[in-house]
């Protein structure tokens, strides 16, 4: 990693954090539970990562900072494993162990499917 990559990561991370906050606000305006915001950003982020992995990282010329800007920066800040983990713990501690297991399993399974879908759309 080059020193300038840290600037790209920071720029992408700032944009990803703002985009994530916008999704949180939107789900709040729609009166959806807070789990919907986390699930939404993680699924959209997984889909975007599939697209980036299948197309952008292979097509972009060397030297273009796609990985630090988009993958590490934007998608790293947009998606949120730690919030997912906290929500799972909160559900389990609240006596909703089954809901926690279902939410965790669904998120993981759907996330994998979204990456595969993103890749499939690009590969045709």
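Residue numbers (my numbering): 3 to 126. All C-beta atoms in this analysis are idealised placements derived from N, C-alpha and C, irrespective of residue type, glycine included.
Item	Value
Considering only C-alpha positions, which residue in the set 61, 36, 46 and 22 is nearest to residue 89?	36
Put residue 45 into one of helix, strand or coil per three-state DSSP.	helix
In this structure, does DSSP put residue 127 in helix, strand or coil?	This structure cannot settle anything about residue 127, because the visible part of the chain is limited to 3 through 126.
Decide if the stretch 105 to 122 is in contact with the stretch 37 to 53; the criterion is three or more beta carbon pairs, one per stretch, under 8 Å apart.	yes
In the structure shown, what three-state DSSP assignment does residue 99 receive?	helix
Taking all protein chains shown into account, do 16 or more other C-beta atoms lie within 10 angstroms of the C-beta of residue 84, making it buried, or fewer, making it exposed?	exposed
Please classify residue 72 as buried or exposed, where buried requires at least 16 neighbouring CB atoms within 10 angstroms.	buried
Could you give the residue range of the alpha helix (DSSP H) that holds residue 10?	5 to 31
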